[in-house]
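What follows is a set of notes on a single structure, which appears directly below.
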Amino acid sequence: MDMKINPVFDKPAGQPVVIAGPCSAESEEQVLTTARALAKQNIDLFRSGIWKPRTRPGSFEGVGVIGLKWLQKVKAETGLKVTTEVANRAHVFEALKHGIDVLWLGARTTVNPFSVQEVADAIKGVDIPVLIKNPINPDVKLWMGAIERIAKAGVTKIGVIHRGFSSFGNSNYRNEPMWQLAIELKRLVPGIQMVCDNSHICGRRDTLAFVAQRAMDLQMDGLMTEVHPNPDEAWSDAAQQITPAVFGELVKGLKLRKASTNDVEFLEHIDDLRHQIDEIDNNLLNLYSKRMNLAENIGKYKKKNNISILQSSRWNEILEQSMAKGREIGLSDGFVTQVLTAIHQESINHQTKVMNTGTTEKQAKKAKA
Ligand code: PEP
Ligand code: MN
5 MDMKINPVFD KPAGQPVVIA GPCSAESEEQ VLTTARALAK QNIDLFRSGI WKPRTRPGSF
65 EGVGVIGLKW LQKVKAETGL KVTTEVANRA HVFEALKHGI DVLWLGARTT VNPFSVQEVA
125 DAIKGVDIPV LIKNPINPDV KLWMGAIERI AKAGVTKIGV IHRGFSSFGN SNYRNEPMWQ
185 LAIELKRLVP GIQMVCDNSH ICGRRDTLAF VAQRAMDLQM DGLMTEVHPN PDEAWSDAAQ
245 QITPAVFGEL VKGLKLRKAS TNDVEFLEHI DDLRHQIDEI DNNLLNLYSK RMNLAENIGK
305 YKKKNNISIL QSSRWNEILE QSMAKGREIG LSDGFVTQVL TAIHQESINH QTKVMNTGTT
365 EKQAKKAKA
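Residues in the sequence shown are numbered consecutively from 5, following the numbering used here.
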């Protein structure tokens with residue numbers, strides 16, 4: 005689909021977009037106190053959840069429509085633009101009626117095409133900016149699909165929010181960042197503005213700055229962070245919220261790097277390093293090819309002697325040896341395992357072919373030519 009996507013935020017290059025505000029609106033007082041403090045920091049957009057998608061019923065599910073009136077007061081008093089999460093038709097109508105400036109789709113909405121379509125249909129005819137969080141599960145296509153549905157509804161200003169992906173088991177993160185998926189989305193939708201919701205990635209205060217910096221280093225366009233005047237008392241997501249003052253420090257501490265430069269010496273140096281990397285990648289491919297030739301020879305030999313392809317003791321031995329070696333030279337176990345697994349699988353494919361047909365890849369290619 006040919007999508008015309010314009011930026012939601014008008015920001016000079018190199019300056020991060022800053023979205024902040026409480027996880028949930030709790031009271032007029034709490035919303036206004038937070039907004040006044042954040043307005044002094046010149047943030048770009050004030051966030052606040054009005055309807056909260058909670059995992060279990062019975063938790064605080066948001067204050068509802070009355071909270072929209074508090075956001076109107078924020079606008080009137082501070083001049084800040086405001087945003088809230090919408091998940092169905094009624095939310096969209098209420099948000100539009102109350103003059104909310106930007107809508108956002110939560111992770112639990114993006115995951116469901118029925119819900120995204122319902123929101124898109126409700127928005128149709130109103131060109132309001134929309135920010136779309138990644139779906140809960142690591143599926144870039146689902147994220148793309150939501151962008152497409154909203155764009156098809158006639159929305160021209162669309163941005164995305166990277167808030168990490170749900171995973172099973174213990175992790176330092178509440179939601180795994182899986183940065184490569186965020187980068188992949190940026191590749192698929194060039195130019196789309198992406199902010200990092202470090203709050204929902206971290207789930208805790210002490211790692212917020214680290215993740216925010218990571219996002220800047222990966223050329224993300226800004227941050228969405230949960231800020232509360234009294235975080236420990238927050239009615240939702242207490243563990244990850246910070247005060248406006250702490251947030252101000254976090255933003256000040258960000259090291260911003262330029263995406264590109266015209267400095268010739270710098271460019272030549274980078275160019276040189278890139279050539280060296282290309283050279284190494286090329287050598288690696290040639291070595292893999294040689295390795296496959298050896299695997300094919302083993303395949304022929306095994307065929308002659310009637311031995312099975314997979315010999316798990318040999319595979320374990322290779323893996324153990326390589327991980328030990330990797331540790332010595334600064335390669336993580338995870339990396340070594342992934343690379344070797346891929347190589348091993350390719351070797352098995354080559355061997356299988358030889359054992360079933362008796363021809364090597366090279367011979368097959370020659371025969372075809
Ligand atoms: C939120 O922003 O408060 C929220 C509910 O986030 P997510 O949709 O990322 O879980
Ligand atoms: Mn939250």
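We put the CB at the ideal spot given by N, CA and C, even for glycine.
- Query: Just curious, the alpha helix (DSSP H) that residue 71 is in, first and last residue?
  - Reply: 70-82
- Query: For the ligand MN, which residues count as neighbours when the test is a C-beta closer than 5 Å to any heavy atom?
  - Reply: 27 and 241
- Pick helix, strand or coil for residue 65, following the three-state DSSP scheme. coil
- Expected contact under 8 Å - CB spacing of residue 163 and residue 198 to nearest Å: 7 Å
- Message: In whole angstroms, give me the CA-to-CA distance for residue 41 and residue 343.
- Response: 49 Å
- When DSSP builds the beta bridges, which residues end up paired with residue 180? 169
- Message: Which of the three DSSP states is assigned to residue 207 in this structure?
- Response: coil
- Message: With the cut-off set at 8 Å, would you say residue 51 and residue 25 are in Cβ contact?
- Response: yes
- Message: Using 8 Å as the threshold, is the C-beta distance between residue 111 and residue 55 below it?
- Response: no
- Please check the pair residue 302 and residue 355, which I expect to be a contact at CB under 8 Å, by giving their CB distance rounded to whole angstroms. 7 Å
- Find the nearest neighbour of residue 3 within the set 240, 306 and 134, judged by alpha-carbon distance. Nothing can be reported for residue 3: it is not among the residues displayed for the chain, which extend from 5 to 373.
- Query: Do three or more CB pairs link the region 273-288 to the region 228-246 at distances below 8 Å?
  - Reply: no
- Task: Give the DSSP bridge partners of residue 28, in chain order.
- Result: 53
- Task: Measure the alpha-carbon distance for residue 225 versus residue 269 and round it to whole angstroms.
- Result: 27 Å
- Item | Residue interval of the alpha helix (DSSP H) (run including residue 121) | 117-127
- Apart from the five residues on each side of it in sequence, which residues of its chain come closer than 8 Å, Cβ to Cβ, to residue 336? 330
- Message: Using a Cβ-based criterion (distance less than 7 Å to any ligand heavy atom), does residue 382 qualify as near the ligand PEP?
- Response: In the structure displayed, the chain extends from 5 to 373; residue 382 sits before or after that span and is not available.
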